[in-house]
Structure formats: C-alpha cells, structure tokens
Amino acid sequence: MDDDAAPRRVRADAERSTARILEAAEAVLAEDETAPLERIADAAGLARATVHRRFSSRTALLDALAAQLAQRYVQGLAEARVDSAPPVAAMLRMTETAFALKIAHRFAVQLSASMTPEVLDGLDRLFARLRDAGAITAPDPTWGRRVYLALLHEVNDLPADSPMLAGGSDEVAARAALLVTTVLQALGGLRPGEQEEGL
1 MDDDAAPRRV RADAERSTAR ILEAAEAVLA EDETAPLERI ADAAGLARAT VHRRFSSRTA
61 LLDALAAQLA QRYVQGLAEA RVDSAPPVAA MLRMTETAFA LKIAHRFAVQ LSASMTPEVL
121 DGLDRLFARL RDAGAITAPD PTWGRRVYLA LLHEVNDLPA DSPMLAGGSD EVAARAALLV
181 TTVLQALGGL RPGEQEEGL
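Numbering of the sequence shown is given in full-length UniProt numbering, commencing with residue 1 and proceeding in unit increments.
As structure tokens, this is what we get:
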C-alpha cells in the first residue's frame with residue numbers, strides 16, 4: 001500500500017466531515033440561531049467530538065460558514081465575468097447568483113464576515129465599469145456598491161407574492177431583474193419606462 005494513501009484518505013474523510021458539519025450548521029442555524037454545536041453534530045450524523053475537533057468553538061464554526069459563503073461570492077463574481085462581460089449583463093448574472101446563495105444559505109448570509117475585501121473589491125470594479133460604460137452616472141463605485149447591497153437586502157425580504165416581483169415564474173430571475181433595474185435607476189442610469197436589454 002502506498003505510504004501516502006492513508007494520510008490522503010484521512011484528509012478526504014476530514015474534508016467530508018467538515019462539509020457535512022457546515023451543511024448541517026446552515027440548516028440548523030437557519031431554524032434556530034442559538035442552536036448549540038451538539039445539535040449541529042446530531043443533524044450532521046457525526047459524533048459531537050468530531051464537530052469539536054473540526055471547530056473548537058461556535059465562533060470558529062461561524063467563521064467557517066462566512067468563509068465558505070465568501071468563496072462562493074468570489075466564484076460568482078468570476079462566473080459573472082465582472083471584469084470583461086458587458087457590465088449590465090455581469091451585474092444581472094452576479095445578482096442572480098447572490099439571490100440563489102441567499103436562498104440556499106439563509107443563515108450564513110447574515111454574517112457580515114462573508115463580505116470580504118475580495119468580494120467588495122469585485123463589486124467596486126463592476127460599479128466602476130458600469131460608470132465608465134455610462135450605465136450609471138454616480139461617480140463613486142463604492143457608493144454604487146453600498147446602494148446595491150442595501151437594496152439587495154430589501155429585495156430579498158420581499159414576499160414571493162409581492163406585486164414588485166410579478167411577471168415571472170422564476171423567483172430568482174424576478175428578484176434579480178427588479179434589483180438591477182432599481183439600482184441602475186437610483187444611480188442615474190435607466191430612467192422609468194426605459195428597459196435594458198435582458199432585464
């Protein structure tokens with residue numbers, strides 16, 4: 001047997017256990033933000049000692065959830081091609097990703113640590129490109145990003161039957177279109193009655 005095979009198997013088992021713990025933590029904490037690590041261990045189907053070995057404290061677990069979500073946001077920025085795609089199309093694609101993540105990670109999205117400098121920088125670059133393309137007139141990309149994130153929260157909180165989301169069977173797409181149109185209008189881009197292609 002290869003001398004490296006056992007350590008690789010142990011690492012793979014540890015990675016699987018960590019993934020199960022994080023998945024269970026997301027589900028349990030979305031229902032009860034005060035749930036103890038023991039309840040998360042039960043939901044993951046793992047021994048409590050395993051959870052405590054992977055995460056020495058509740059804070060360490062929350063940090064891991066935030067880091068995982070931040071990585072998914074970074075991946076979303078890359079997939080949206082915020083540095084190369086037409087900026088409005090990139091914004092729409094990133095927004096669809098953000099809403100999909102908010103649905104799948106209802107607890108973790110509340111953790112401000114998921115908005116890492118890398119994520120914020122990617123959004124700032126996107127808003128600079130929107131300004132340079134004339135899609136918005138607001139001169140400060142940071143202000144654009146702050147407006148976007150504030151409205152992202154508000155649109156996310158709309159009930160599914162809100163008249164603001166009417167006109168589409170795809171809830172993620174409807175929320176993304178509403179947010180992008182609203183942000184562009186708020187930042188001096190689209191005017192009421194105008195329609196950007198694809199929205």
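Ideal Cβ placement from N, Cα and C applies to all residues, glycine included.
Nothing here was measured: the structure is a model prediction, and the numbers come from that model.
Which value, in whole angstroms, describes the spacing of the CA atoms of residue i and residue j?
i, j, result
"ALA43", "ALA24", "6 Å"
"ALA67", "GLU31", "20 Å"
"ARG93", "ALA80", "5 Å"
"ASP161", "ALA174", "11 Å"
"PHE55", "ALA64", "9 Å"
"ASP13", "LEU61", "18 Å"
"ALA41", "ARG58", "12 Å"
"VAL82", "ASN156", "22 Å"
"ARG53", "LEU46", "11 Å"
"ARG146", "ARG39", "36 Å"
"GLN185", "TYR148", "11 Å"
"LEU130", "ALA49", "50 Å"
"ALA89", "GLN110", "26 Å"
"VAL172", "HIS105", "14 Å"
"LEU120", "LEU69", "13 Å"
"PRO86", "ASP170", "23 Å"
"LEU158", "ALA19", "31 Å"
Verify whether the separation of the beta carbon atoms of residue i and residue j is less than 7 Å.
i, j, result
"LEU37", "VAL51", "yes"
"PHE107", "GLU26", "yes"
"GLY144", "LEU187", "yes"
"THR97", "GLY76", "yes"
"ASP124", "THR137", "no"
"VAL180", "MET91", "yes"
"ALA176", "PHE127", "no"
"LEU151", "THR182", "yes"
Can you look up residue i in the DSSP assignment and give me helix, strand or coil?
i, result
"ARG106", "coil"
"PHE99", "helix"
"LEU46", "coil"
"PRO36", "coil"
"ASP161", "coil"
"PHE55", "coil"
"THR181", "helix"
"LEU65", "helix"
"SER169", "coil"
"GLY188", "coil"
"MET1", "In this predicted model, MET1 has a pLDDT of only 49, less than 50, meaning its place in the structure is not dependable; the value taken from the coordinates is given anyway. In this structure, MET1 counts as coil in the three-state DSSP scheme."
"ALA138", "coil"
"LEU92", "helix"
"LEU111", "coil"
"LEU77", "helix"
Along the chain, where does the alpha helix (DSSP H) that runs through residue i open and close?
i, result
"ARG81", "Run containing ARG81: none; DSSP gives neither H nor E here."
"GLY144", "141-157"
"ASP132", "117-132"
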